[in-house]
Structure formats: C-alpha cells, structure tokens
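2 protein chains.
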Amino acid sequence: MSIPRTAAAGVLPRIKVSRTGRQTPAVRVEHLLPIDQIVLGDCIESLRRLPSQSVDMIFADPPYNLQLENALTRPDNSHVDAVNDEWDRFDSFAEYDAFTRAWLAECRRVMKKTATLFVIGSYHNIFRVGSAVQDLGFWILNDIVWRKANPMPNFRGRRFTNAHETLIWASRSADARGYTFHYEALKAGNEDTQMRSDWYFPLCTGEERLKDAQGRKVHPTQKPEALVARALLAASNPGDIILDPFFGSGTTGAVAKRLGRRFIGLERDPVYAQAAQERIDNVVPLDADAVAAAPARRTEPRIPFLSLLEAGMIAAGEELVDAREKHRAIVRADGTLTVGPVVGSIHKVGALVQGHPSCNGWSFWHARRNNGLIAIDSLRDDYRARHAAP
Amino acid sequence: MSIPRTAAAGVLPRIKVSRTGRQTPAVRVEHLLPIDQIVLGDCIESLRRLPSQSVDMIFADPPYNLQLENALTRPDNSHVDAVNDEWDRFDSFAEYDAFTRAWLAECRRVMKKTATLFVIGSYHNIFRVGSAVQDLGFWILNDIVWRKANPMPNFRGRRFTNAHETLIWASRSADARGYTFHYEALKAGNEDTQMRSDWYFPLCTGEERLKDAQGRKVHPTQKPEALVARALLAASNPGDIILDPFFGSGTTGAVAKRLGRRFIGLERDPVYAQAAQERIDNVVPLDADAVAAAPARRTEPRIPFLSLLEAGMIAAGEELVDAREKHRAIVRADGTLTVGPVVGSIHKVGALVQGHPSCNGWSFWHARRNNGLIAIDSLRDDYRARHAAP
DNA sequence: CCTCCGCGTGAATCATCAA
DNA sequence: CTTGATGATTCACGCGGAG
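Protein chains in written order, with the UniProt record's numbering: chain B, 1 to 390; chain W, 1 to 390.
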C-alpha cells in the first residue's frame with residue numbers, strides 16, 4: 001500500500017475560487033478532487049486546495065482540546081492511557097477557537113449548497129465548535145447524542161459518568177434547501193417511529209479497533225463504524241462524496257466504501273494515514289442493492305431491524321430465509337430487505353413472497369447461525385437483553 | 001398570596017461588594033438574602049443586588065433564543081403552540097451572547113466557592129451558553145443530556161426527532177474544591193452503578209403542568225420536577241440556598257421546598273411569579289428523614305489505625321494479610337506496620353508490598369478472625385458504631 | 001466442546017486536609 | 001501559598017486460559 005502520489009497535499013492543484021460566490025458546477029470539478037484518497041498534510045491547507053461547493057457531506061472528528069493536567073489511575077492503581085497527543089494540545093480557548101473557525105470556514109466553502117456537516121465532540125470542545133458553526137452561517141439541524149453502551153467510569157466518584165458525546169448536524173445556511181435526509185428509511189429501521197436525536201452504540205473495541213504489530217491501539221480515539229454509518233445512511237446517497245478533514249484511523253473512509261459512497265480524507269500524520277489506507281483496502285463494498293436508498297414512500301409498519309445491523313448481529317448483504325428455506329431475501333444496509341426488484345420492510349417482503357396480505361417478519365425470517373436457522377426475533381431478544389435501555 | 005414586599009427588587013438593599021475579592025463570610029450575609037422568596041424584576045439587576053458568595057447552587061433555565069420564523073402546523077394542520085414570547089427574542093447572536101455573559105458573570109459572583117451551576121438549554125442556545133461558561137472561568141464538570149420520553153415529533157420529516165435537551169454542570173473555577181456531589185446516594189438509587197450523564201424523564205404534562213383558569217398552560221417551557229429534583233439531590237444538601245435566576249413557573253422553588261432546600265427565585269413577569277408563588281405555597285415539604293443525604297464515606301470522621309489498637313480490637317504484634325494472603329505485615333504498638341526492615345503506615349506499607357504508588361490500607365489489610373479474614377475497614381466500622389457521637 | 005474467571009481497557013478536564 | 005499524609009475509588013466488554 002502507499003498513499004497515492006496525487007494525494008500529497010503539495011501535488012494537489014490549487015483551485016481558483018471566484019470571489020463573487022459564483023462557482024463552477026460540481027460535476028465539472030470532480031476530476032479535481034482526490035476522490036477515495038487520503039491527502040497527507042495540514043487539514044486547513046489541504047482544504048484550501050479543494051474546489052468550492054464540491055462535496056456532498058462532511059464528517060469531522062476534530063481534536064477535543066481535553067486539557068488533561070495530571071495522571072489518572074483506576075482504583076486498582078492501574079494507569080489510564082489518556083489522550084495526551086501533541087495534536088490535542090492548544091494553549092488557550094482563543095487558539096482553539098481560531099483553529100476551529102479556520103477549518104469550519106473552509107469546510108463550508110467546500111460544501112455543495114445541499115451538503116450537510118456532522119461534527120462530533122465532548123463538553124470540552126463542543127460548545128466552542130457549536131458557537132463557531134452558528135457564527136459562520138451554518139444552520140444547525142439537530143444536535144445528536146451518542147450514548148455510550150460501555151463508557152469509562154468516573155474513577156474518583158466526583159462526577160457523573162461521562163457517558164455520551166455530542167454530534168452537531170448542520171446545513172450550509174439557514175435557507176439551504178434540498179439536503180439529503182432519509183427520513184423514511186430511518187423510520188423503517190426504528191420500530192416505525194422517527195429516528196431520535198439520542199443514539200446508542202458501544203465504543204469501538206475488539207476486532208474493529210485497529211491495532212499495531214505490538215497490539216497497541218493505532219489511534220486513541222477511533223470511532224465506532226456504526227455511529228458513522230448511521231450518519232452516512234441518514235444524510236448521504238450512494239456515490240456521494242464524503243469529506244473527513246480529520247481522517248485519523250479512516251473510519252469515515254471505511255464506512256463510505258462499504259456503503260457505496262466515495263470519500264476524501266485529510267490527515268497530517270503519516271502513520272495514521274498508512275493504517276487507514278490499509279484498513280480501507282481491506283473493506284469489501286456491499287452490493288449496490290444493499291445500499292441503494294429505499295424509495296422515500298410512506299409504507300407499511302416497519303420495525304427496529306436496523307439496530308441489529310448496527311450491533312453487528314446481522315450483516316448487511318446477509319441472506320435471510322424462512323423456516324423451510326423456501327424463500328430468500330437479502331438484508332440491505334438501511335435495515336430493509338430486498339428480493340429481486342422488491343425493497344421493503346421485513347414484514348412487507350415477507351408478506352409479498354408468501355402472497356399473503358401481511359406477515360410478521362420477525363417470526364418469518366431466519367438467519368443462518370451455527371449450521372442452523374435462528375429466527376431474527378430471537379436475535380432481537382438478544383439485542384434487547386444486551387442493550388436494555390430505559 | 002402576595003409577592004413578599006421585601007422581595008421586590010427595588011426594596012432589596014444594595015450590597016457593597018469588595019473589589020479585592022475578599023468577601024463577607026456567607027453566614028453573615030444570609031440575612032441579606034430574600035430566602036424562599038420570589039424577587040420581581042430584571043434578573044441581571046436583581047442579581048447585582050445579591051451579596052457575593054452567598055448561594056450554594058444555581059439552577060438556570062434561560063431563554064433559548066429559538067429563532068422561530070414561521071408558524072408551525074402539525075400534519076393535521078393544527079397549530080403548534082410554540083415558544084414565541086417576547087422574552088425569547090434576541091436580534092442577533094451577539095445580543096444573546098452579551099445577555100448570557102452578563103447573567104452568568106453575576107451568577108458566578110453570587111456563588112459560594114463550593115457552589116455549582118446547572119444551566120439547561122437546547123441546540124439553539126446551549127453552545128453560546130457553554131462557551132460563555134468556559135470563558136467566564138467556570139469549570140465544566142459534566143454535560144448532561146435530558147432524554148425526553150415523549151418528545152414532540154418532527155412534523156415535516158426533515159430532521160431527527162429533537163428528543164433531548166442539554167444541561168451543563170459547572171463549578172465556579174477549575175480549582176474549586178469541596179463542591180457537593182452525592183455520589184453514593186445516586187449510585188444506590190441507580191442499580192448500584194454510577195449515575196450516568198444521560199437522564200431519561202418524561203416532559204412536564206398532566207397534573208404537574210400549571211394551567212390557568214381557562215386551562216391554558218401558564219408557562220411555555222415548564223420543566224419536569226423530576227429533572228430538577230435529580231440535580232438538587234445530586235449537588236445540594238438540605239438547607240442549602242438554591243438560586244434560580246429565571247424562575248418562571250417556579251419548578252426550582254417547588255422542588256427545593258419539597259426537598260428541604262431553600263430557594264431564591266428571580267422573575268420579571270408578575271403573572272409567572274404569582275403562579276409560582278401559589279404553586280410553592282401548596283407544596284408540602286418531605287420529612288427531614290426522607291431528604292437527609294446518606295452520609296458519604298469520605299465525610300465520616302477519620303479514625304486513626306492506632307485507635308483500633310487502643311480499643312483492643314487489634315493487638316500489637318498481630319499479623320495482618322491481604323485478601324489473598326500473599327503479603328504479611330506485623331502490627332506495631334504505635335499503630336504502624338512492619339514488613340522486615342520496613343516500617344510505615346497501613347497505607348505506605350500496603351503500597352510498598354504491592355509496588356503501587358498508593359494504597360488504601362483499610363481495604364487492603366485483613367486480620368484473622370473466627371477462622372477467616374476480616375478487612376480492618378470493617379473493624380473500623382465497628383469502632384465507629386461503638387464510639388458514635390450521640 | 002462449553003463455562004467460568006481473571007485481566008485489560010476505553011476522548012477523563014477525577015481528593016482533601018492539616019501543617 | 002506549598003507539601004505531605006491520609007485514604008477513597010470502576011462499568012461494560014472482549015479476550016484468553018483454566019477447568
């Protein structure tokens with residue numbers, strides 16, 4: 001593997017940006033974009049070399065400015081391996097604010113008028129980020145809470161367990177129209193109720209967590225793919241260009257590739273970039289059928305099937321069958337099923353293949369597990385047991 | 001009912017505040033405080049009349065600066081009764097920021113050094129508030145998410161359901177020590193696990209929601225008592241003075257009275273103040289036993305290890321061991337332990353034999369009793385029980 | 001083969017009091 | 001003010017080895 005030569009910041013052509021606000025149509029600038037590449041270099045400088053109004057979505061995970069002073073130990077006296085990297089150190093709020101406004105302003109310029117921005121942060125930085133987002137003319141659509149299934153406890157018992165992080169989702173301006181939001185698909189994957197602003201996911205651990213040859217984590221703050229996937233499924237379409245100005249371990253790129261999106265990753269650390277490239281090279285994209293946006297049409301009741309995918313209990317692209325294995329369907333990434341040209345909820349597709357007016361997809365469909373079949377209903381039970389939340 | 005005359009802003013005595021930072025001890029200023037009263041008038045002016053370092057906790061629910069442009073209708077074309085009051089209109093972010101910094105700065109002055117502040121808001125204003133909190137020198141302890149059990153749906157299907165609000169919990173400064181946090185009590189009431197930063201409560205509806213004679217809600221943003229109660233139970237003690245600079249319908253006062261706290265409410269709208277006063281008058285305080293905080297371990301009197309020897313509960317020359325009996329030490333008559341040539345406190349020797357930087361000797365060392373091991377910590381409990389002050 | 005248990009660890013602004 | 005002594009404090013998972 002190597003970082004593509006064209007991806008080096010110094011090789012990227014400098015783009016002329018009109019001062020009048022008139023921009024080259026997006027389709028004409030695509031050949032100027034380092035699509036599906038990792039651009040090595042300072043993120044603000046790299047952003048300046050990207051043409052205006054050229055990307056469809058941005059997912060940004062900037063430094064949090066944690067301001068950690070002292071070492072922290074667990075009650076058993078073991079050492080907590082905290083984020084103490086050079087890239088997370090800023091001398092003051094003013095310096096952090098200036099940095100934040102600089103990269104956000106460039107991001108806004110690079111966004112198509114219909115694009116939206118996600119930024120993730122914690123209480124250390126998210127208020128600075130949110131104020132900057134508003135001051136720069138973005139329009140906040142939602143703030144979203146990532147509730148962590150397994151957060152680190154508060155070892156000293158002096159505060160509440162810091163059990164969540166916050167994402168800001170914003171359009172380019174208050175009057176931006178036509179941004180992508182797959183309301184229907186999200187609803188179908190959420191017990192047929194609207195997807196809420198509080199999301200529940202485990203941390204990125206285990207197999208998913210990138211490790212180096214010595215078994216150490218490659219990046220201190222690698223985000224779970226499920227979190228990024230929900231953002232991309234909600235607010236982008238297959239083929240869209242997703243920009244991540246703080247690419248790190250490349251979660252955005254890996255998820256984008258898997259879901260049939262394209263990506264542009266900016267990263268200044270060659271070690272991170274190398275690890276990200278190898279990771280992405282190993283990603284196998286899902287079939288187009290599995291990621292094509294479901295028709296945004298009011299349909300029959302659908303159920304919380306998406307959560308099982310997000311939890312990794314069912315894989316996008318996996319085949320489901322009925323108990324007698326007479327019928328087959330493919331799971332799509334957004335929590336719908338497909339049989340040939342038909343796309344719909346587990347219930348609707350179950351009814352259709354049987355020629356019945358209705359069907360309980362939870363009891364009808366089965367997944368292959370351990371050389372046998374298991375009703376997805378019992379997978380749902382497992383999920384409930386694992387993720388029981390009030 | 002009437003608003004107490006002494007509570008009118010114009011009647012409150014102007015307090016002289018030393019510029020040197022030296023302040024009158026809190027106990028001396030209590031008689032200058034409008035305790036358990038609602039102060040009518042502009043909140044910033046009223047705050048200026050309160051003495052410095054005089055309140056134990058602040059719960060603030062400021063205007064959200066909602067920026068609602070057009071009327072919103074539900075899918076059935078019914079009208080959504082949104083917050084559109086004069087007090088929630090600001091011409092710009094700059095104006096809202098100036099207002100926010102003014103009331104927050106006064107709040108900080110009024111807080112005792114051990115006091116903490118809660119502010120609640122939504123994505124419309126919380127980033128402005130959070131930045132101001134940080135800029136003014138507060139130290140954020142947590143951000144907390146109120147997850148709404150029954151949020152209003154997004155009627156247009158263009159965004160995620162806005163299903164949460166955010167609270168910021170902050171101490172007066174980064175080096176503030178001794179703030180109240182009832183860690184053990186919260187843990188005991190939460191399945192014996194730490195209370196997390198994501199809280200789940202229903203909206204304030206039904207009986208709890210104040211209505212006027214025509215059945216209309218008195219206040220557009222009345223908060224649920226359960227939410228305020230958790231904040232007060234977590235970060236205040238019975239008898240503490242809780243300040244609410246945006247008193248509104250008086251939820252903070254009602255909860256404070258019920259939980260045996262005292263309150264100061266600032267409110268500029270006489271209609272809200274009147275409704276709040278009537279509401280609070282009807283609150284019956286809980287028995288003192290029901291609100292007394294369970295004694296936290298760290299607040300219990302310190303017992304020197306020597307006292308256990310003096311009480312005959314441990315004998316000089318006796319052997320202590322750790323729970324797995326891997327380490328042994330001999331008790332010396334002066335209350336120190338010895339292992340070979342080493343002599344030191346129960347903590348020092350415990351740390352040393354384990355090779356740790358520190359150790360809680362009380363939980364590490366065990367004595368042999370009745371053919372088993374008993375932590376010296378439980379001997380200490382016995383000692384405390386025997387020698388408890390009446 | 002499975003189960004149990006110990007160990008490691010995660011974006012963390014993580015103590016208080018007396019001298 | 002600093003310094004040093006005391007002593008309080010963890011949840012959910014994944015993994016690997018023991019039984």
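Glycine residues also receive a C-beta, built at the ideal position from the N, C-alpha and C atoms. In this text, all values refer to a predicted model and were calculated from it rather than measured experimentally.
Handout entry: For glutamate 207/W, three-class secondary structure by DSSP
Key = To locate residue 207/W, count along the second sequence from 1; it is residue 207. When DSSP states are grouped into helix, strand and coil, glutamate 207/W belongs to the helix group.
Practice task
Return the chain-ordered list of same chain residues with a C-beta closer than 7 Å to the C-beta of phenylalanine 364/W, the five sequence neighbours on each side being excluded.
Solution key: Residue 364/W sits at position 364 when you count from the first residue of the second sequence. The beta carbon of phenylalanine 364/W sits closer than 7 Å to the beta carbons of Asp322, Gly350 from its chain, once the five residues preceding and following it are set aside; these are given in chain order.
Handout entry: Sequence ranges, beta strand (DSSP E) only - wholly within the UniProt domain "RAMA" (288-388) of chain W, length at least 3
Key = Listed in chain order, the complete beta strand (DSSP E) runs (minimum 3 residues) inside the UniProt domain "RAMA" (288-388) of chain W are 319-321, 328-331, 337-339, 342-344, 366-369, 372-375.
Practice task
Could you list the residues in the region 161-177 of chain B with a C-beta less than 8 Å from some C-beta on chain W, going in chain order?
Solution key: Within the region 161-177 of chain B, the qualifying residues are Thr161, Asn162, Ala163, His164, Thr166, Ile168, Trp169.
Problem - Close-in-space but distant-in-sequence residues of the same chain around glutamate 184/W (CB under 8 Å, 5 per side omitted) - result: Here residue 184/W refers to the residue found at position 184 of the second sequence. Excluding residues within five positions, the ones whose Cβ falls inside 8 Å are Ala294, Ala296, Arg297.
Practice task
Could you tell me whether any Cβ in chain B is nearer than 8 Å to the Cβ of proline 390/W?
Solution key: Sequence index remark: in the second sequence, residue 390/W carries index 390 (1-based). With a pLDDT of 48 at proline 390/W, under the threshold of 50, the modelled position of that residue is not reliable, and the figure given next carries that caveat. No, proline 390/W does not count as interfacial toward chain B.
Problem - CB of leucine 141/B within 8 Å of CB of serine 171/B, strictly - result: Here residue 141/B is taken as the residue at index 141 of the first sequence, counted from 1. Here residue 171/B is taken as the residue at index 171 of the first sequence, counted from 1. Yes. Within cutoff.
Practice task
Would you give the residue range spanned by the alpha helix (DSSP H) that threonine 100/B belongs to?
Solution key: Translated into positions along the first sequence, residue 100/B becomes position 100. It spans 93-110 - the alpha helix (DSSP H) in which threonine 100/B sits, taken as one unbroken run.
Problem - Span separating the alpha-carbon of asparagine 125/B from that of alanine 315/W - result: Mapped onto the first sequence, residue 125/B falls at position 125. Mapped onto the second sequence, residue 315/W falls at position 315. Approximately 55 Å, taken between the alpha carbons.
Problem - Sequence-distant residues of the same chain with beta carbon closer than 6 Å to aspartate 381/B, five excluded per side - result: The count along the first sequence starts at 1 and reaches residue 381/B at position 381. Excluding its 5 nearest sequence neighbours in each direction, aspartate 381/B has no C-beta neighbour in its own chain below 6 Å.
Problem - Where threonine 116/B falls, given that 16 or more other Cβ within 10 Å makes a residue buried - result: Within the first sequence, numbered from 1, the residue matching residue 116/B stands at position 116. Burial call: buried.
Practice task
Check whether the Cβ atoms of leucine 309/B and glycine 335/B lie closer than 8 Å to each other.
Solution key: Position 309 of the first sequence, counting from 1, holds the residue named residue 309/B. Position 335 of the first sequence, counting from 1, holds the residue named residue 335/B. Cβ distance < 8 Å, so leucine 309/B and glycine 335/B count as in contact.
Handout entry: Opposing strand residues paired with tyrosine 123/B [DSSP bridges]
Key = Here residue 123/B refers to the residue found at position 123 when the first sequence is read from its first residue. Within the DSSP bridge table, the entry for tyrosine 123/B names no partner.
Handout entry: With 16 other Cβ atoms within 10 Å as the buried cut-off, status of glutamine 37/B
Key = Reading the first sequence from its first residue, position 37 is the one you call residue 37/B. That one is buried.
Problem - Meets three-Cβ-pair contact criterion under 8 Å: the region 56-66 of chain B and the region 241-249 of chain B - result: Contact between the region 56-66 of chain B and the region 241-249 of chain B is established, with three or more Cβ pairs separated by less than 8 Å.
Handout entry: Residue-chain proximity (aspartate 135/W, chain B), Cβ-Cβ < 8 Å
Key = In the second sequence, the residue the question calls residue 135/W occupies position 135. Yes, aspartate 135/W lies at the interface with chain B (some Cβ there is under 8 Å from its Cβ).
Handout entry: isoleucine 3/W versus proline 34/W - alpha carbon distance
Key = Within the second sequence, the letter at position 3 stands for residue 3/W. Within the second sequence, the letter at position 34 stands for residue 34/W. Residue placement at isoleucine 3/W cannot be trusted, given a pLDDT of 44 that sits under 50; what the coordinates show is reported in the next sentence. Looking at the two C-alpha atoms, the distance is approximately 11 Å.
Practice task
Measure the Cβ-Cβ separation of isoleucine 168/W and aspartate 143/W and say whether it is below 8 Å.
Solution key: Position 168 of the second sequence, counted from the start, is the residue given in the question as residue 168/W. Position 143 of the second sequence, counted from the start, is the residue given in the question as residue 143/W. Yes, they are a contact pair.
Practice task
To the nearest angstrom, report how far apart arginine 156/B and alanine 71/B are at their CA atoms.
Solution key: Residue mapping note: residue 156/B aligns to position 156 of the first sequence, counting from 1. Residue mapping note: residue 71/B aligns to position 71 of the first sequence, counting from 1. Using only the alpha carbons, I get a separation of about 13 Å.
Handout entry: Expected contact under 8 Å - CB spacing of valine 228/W and threonine 205/W to nearest Å
Key = Counting from one through the second sequence, the residue named residue 228/W turns up at place 228. Counting from one through the second sequence, the residue named residue 205/W turns up at place 205. Contact flag wrong, Cβ pair sits at about 15 Å.
Practice task
Can you tell me which of Arg128/W, Asn77/W, Ser122/W puts its alpha carbon nearest to the alpha carbon of phenylalanine 99/W?
Solution key: Along the second sequence, one-based indexing puts residue 99/W at 99. Checking every option, the nearest Cα to that of phenylalanine 99/W belongs to Arg128/W.
Practice task
Find out if the Cβ-Cβ distance for the pair alanine 273/W, leucine 47/W is shorter than 8 Å.
Solution key: Here residue 273/W refers to the residue found at position 273 of the second sequence. Here residue 47/W refers to the residue found at position 47 of the second sequence. For the pair alanine 273/W and leucine 47/W, the CB atoms are not nearer than the 8 Å cut-off.
Exercise for the section: Let me know the beta strand (DSSP E) ranges lying completely inside the region 17-86 of chain B, each 3 residues or longer, listed in chain order. Expected result: Segments of the beta strand (DSSP E) lying fully in the region 17-86 of chain B: 37-40, 55-60.
Practice task
For arginine 196/B, go through chain W and note every residue whose CB falls closer than 9 Å to its CB, in chain order.
Solution key: Position 196 of the first sequence, counting from 1, holds the residue named residue 196/B. Simply Arg147, Lys148, Pro151, Phe160, Thr161, Asn162, Ala163, His164.
Exercise for the section: Report the three-state DSSP secondary structure of arginine 158/B (helix, strand or coil). Expected result: Looking up residue 158/B in the first sequence gives position 158. For arginine 158/B, the three-state secondary structure derived from DSSP is coil.
Practice task
Using 10 angstroms around the beta-carbon of phenylalanine 134/B, count the other beta-carbons present and answer buried if the total reaches 16, otherwise exposed.
Solution key: To locate residue 134/B, count along the first sequence from 1; it is residue 134. The sequence given here has glutamine at residue 134/B, not phenylalanine. Glutamine 134/B is classed as buried because its beta carbon has at least 16 other beta carbons within 10 Å across all chains shown.
Handout entry: Euclidean distance between Cα positions of aspartate 240/B and aspartate 85/B
Key = Sequence index remark: in the first sequence, residue 240/B carries index 240 (1-based). Sequence index remark: in the first sequence, residue 85/B carries index 85 (1-based). A direct Cα-to-Cα measurement between aspartate 240/B and aspartate 85/B gives close to 32 Å.
Exercise for the section: Answer with yes or no whether the minimum CB distance from isoleucine 140/W to chain B is below 8 Å. Expected result: As a first step, residue 140/W must be located in the second sequence, where it is residue number 140. Look at isoleucine 140/W: its C-beta is under 8 Å from a C-beta on chain B.
Practice task
Could you tell me how far apart the beta carbons of glutamate 267/W and alanine 276/W are, in whole angstroms, since I believe they sit closer than 8 Å?
Solution key: Your numbering for residue 267/W matches position 267 in the second sequence. Your numbering for residue 276/W matches position 276 in the second sequence. Rounded, the Cβ-Cβ distance is 7 Å, consistent with contact.
Practice task
Please report the residue range of the beta strand (DSSP E) in which glycine 265/W lies.
Solution key: As a working mapping, residue 265/W is identified with position 265 in the second sequence. Run containing glycine 265/W: 262-267, per the beta strand (DSSP E) assignment.
Exercise for the section: Report, in whole angstroms, the separation of the C-beta atoms of lysine 211/W and lysine 217/W, which I expect to be a contact under 8 Å. Expected result: The residue labelled residue 211/W in the question sits at position 211 within the second sequence. The residue labelled residue 217/W in the question sits at position 217 within the second sequence. Indeed, because the Cβ distance is near 6 Å, the residues count as touching under 8 Å.
Exercise for the section: Could you confirm whether any beta carbon from chain W is found closer than 8 Å to the beta carbon of phenylalanine 127/B? Expected result: What you label residue 127/B is simply residue 127 of the first sequence in a count that begins at 1. Among the CB atoms of chain W, one or more fall inside 8 Å of the CB of phenylalanine 127/B.
Problem - Cα-Cα separation between lysine 148/W and threonine 166/W, rounded to whole angstroms - result: Position 148 of the second sequence, counted from the first residue, corresponds to residue 148/W. Position 166 of the second sequence, counted from the first residue, corresponds to residue 166/W. Rounded to the nearest angstrom, the two C-alpha atoms are 11 Å apart.
Practice task
Please work out which residues of its chain come closer than 7 Å, Cβ to Cβ, to histidine 79/W, disregarding the five sequence neighbours upstream and downstream, and give them in chain order.
Solution key: For this step, residue 79/W is matched to residue 79 along the second sequence. Taken in chain order, the residues that qualify are Ala71, Thr73.
Handout entry: Segments assigned beta strand (DSSP E), at least 3 residues, entirely inside the region 219-254 of chain W
Key = Entirely contained in the region 219-254 of chain W, the beta strand (DSSP E) runs reaching 3 residues are, in chain order, 241-244.
Practice task
Could you tell me the distance, in whole angstroms, from the CA atom of proline 301/W to the CA atom of tryptophan 103/W?
Solution key: Along the second sequence, read from residue 1 onward, the residue named residue 301/W stands at position 301. Along the second sequence, read from residue 1 onward, the residue named residue 103/W stands at position 103. So the alpha carbons of these two residues sit roughly 39 Å apart.
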